[in-house]
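These notes concern the structure reproduced below.
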Amino acid sequence: MSKKSPNDNDQSAEQETPFLSHLVELRDRLLRIVGLVLILTVALMAVANDLYYYFSLPLQGYLVEGNKMLAIGVISPVFTPFKLALIAAFFLSVPYVLHQIWSFIAPGLYKHEKKLALPLLVSSIILFYLGMAFAYYVVFPLVFEFTSSFASESIDYRPDIASYLDFAIKLFFAFGVAFEVPIATIMLILAGVTTPEALSQKRPYIIVGAFVVGMLLTPPDIISQTLLAVPMWLLFEVGVIFGRIMKRKREEETSAEEAEQEEAPLSSEEMQAEMEAELDRAIAEEEALNKDDNSDNSDNSDDTQKD
-17 MSKKSPNDND QSAEQETPFL SHLVELRDRL LRIVGLVLIL TVALMAVAND LYYYFSLPLQ
43 GYLVEGNKML AIGVISPVFT PFKLALIAAF FLSVPYVLHQ IWSFIAPGLY KHEKKLALPL
103 LVSSIILFYL GMAFAYYVVF PLVFEFTSSF ASESIDYRPD IASYLDFAIK LFFAFGVAFE
163 VPIATIMLIL AGVTTPEALS QKRPYIIVGA FVVGMLLTPP DIISQTLLAV PMWLLFEVGV
223 IFGRIMKRKR EEETSAEEAE QEEAPLSSEE MQAEMEAELD RAIAEEEALN KDDNSDNSDN
283 SDDTQKD
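In this text, residue positions in the sequence shown follow my numbering: the first is -17, and each later residue adds one.
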């Protein structure tokens, strides 16, 4: 068996040290995220019941006058507001979570990658909240109006508070993620995985895929599925447009940089290095010629002595 030299041990230790430092940094950032979520949860627990009231307003307007929502579970009056406070704390901490992710990966990015990633990060946060707002102000009223219209006089339409929370959170998450489609499209184009032209040719498959995703992420009603699929398709088109613009801009910047590098005058150090290289080449050529002349002269002298 071969023995490892001390140099090999030193190199392995140097490789393990950055890896461990990255793990420690990742642990610290995860602890910060968890700490913020817990702090926000405790703060929201003080107003959890009021928070649930405003959270359920899109449904309250479609209940029969005088009716209230039901709490079927034994601990639903306590557990459901707490669950809402926890989920709301996570949604509110999304900018901080993305900031921690950005701070962790930013040191490993190039300057042009940082210049591109930061606007995409901010845009993803804004789009996520826009998706939630779209679900709350547009999708919820349409869905509840549609479902309540099918309740006959013999049906007392009074949903359970836990069921409503699960339904609403699922839609919030689905629309928040769906509104990230432009960011994903732009990143795929800029990464060279695909091109705007290829995505445009695959538009029929994208539309079918949007409806399939809407069917999987939303409850089994055609309204919420359609209201998720159509915005996803439109946002895909927006992503293709902006991806084409950003790709063209990057190509123009790259060509401009290459032109500047070709036309840029040499610095004094580069000129001096080039002159020294030319001088070395001239000296080498002169030495080679002198050697040839010396060899010719020696040959001539040998011939004369023979004669």
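Glycine included, C-beta positions come from ideal geometry on N, C-alpha and C.
For residue 43 and residue 93, the rounded distance between their alpha carbons:
52 Å
Among residues of its own chain, excluding the 5 on either side of residue 130, which ones have a beta-carbon nearer than 7 Å to its beta-carbon?
Only 44, 139 meet the Cβ criterion.
Going by other Cβ atoms of all chains shown within 10 Å of its Cβ, with 16 needed for buried, is residue 257 buried or exposed?
Classification of residue 257: exposed, given that the 10 Å Cβ count is below 16.
Determine the direct distance from the alpha carbon of residue 78 to that of residue 164, and round the result to whole angstroms.
Here the alpha carbon of residue 164 sits roughly 21 Å from the alpha carbon of residue 78.
Check whether the Cβ atoms of residue 33 and residue 67 lie closer than 8 Å to each other.
Yes; because the gap between Cβ atoms is below 8 Å, this pair is in contact.
Have a look at residue 73 and residue 18 and give me their C-alpha separation to the nearest angstrom.
11 Å
Can you give me the Cβ contacts of residue 188 inside the same chain, cut-off strictly under 6 Å, excluding the 5 residues immediately before and after it?
218
Residues in the same chain with beta-carbon distance under 8 Å from residue 53, minus the five sequence neighbours each way, listed in chain order, please.
Once the five neighbours on either side are set aside, the close Cβ partners of residue 53 are 59, 62, 142, 143, 144.
Could you check whether residue 200 and residue 181 sit closer than 8 Å to each other, using their CB atoms as the reference points?
no
In chain order, which alpha helix (DSSP H) runs of at least 4 residues are fully inside the segment 123 to 150?
none
Would you mind working out which of 170, 87, 270 sits nearest residue 100, comparing C-alpha positions?
87
Is the beta carbon of residue 146 closer than 8 Å to that of residue 41?
yes
Hey, how far is the Cα of residue 85 from the Cα of residue 103?
C-alpha separation (whole angstroms): 12 Å.
CB of residue 125 within 8 Å of CB of residue 75, strictly:
no
Looking at the structure shown, is residue 109 part of a helix, part of a strand, or coil, going by DSSP?
helix
Where does residue 299 fall in DSSP's three states?
Any question about residue 299 goes unanswered here, given that the chain covers just -17 to 289.
Beta carbon of residue 160 nearer than 8 Å to that of residue 210:
For residue 160 and residue 210, yes; Cβs fall inside 8 Å.
In whole angstroms, what separates the C-alpha of residue 171 from that of residue 225?
6 Å
Boundaries of the alpha helix (DSSP H) in which residue 197 is found, first to last residue
185 to 199
Pull the bridge partners of residue 52 from the DSSP assignment, please.
As a beta-bridge residue in DSSP terms, residue 52 pairs with 142.
Taking the alpha-carbon of residue 111 as reference, which of 215, 192, 156 has the nearest alpha-carbon?
156
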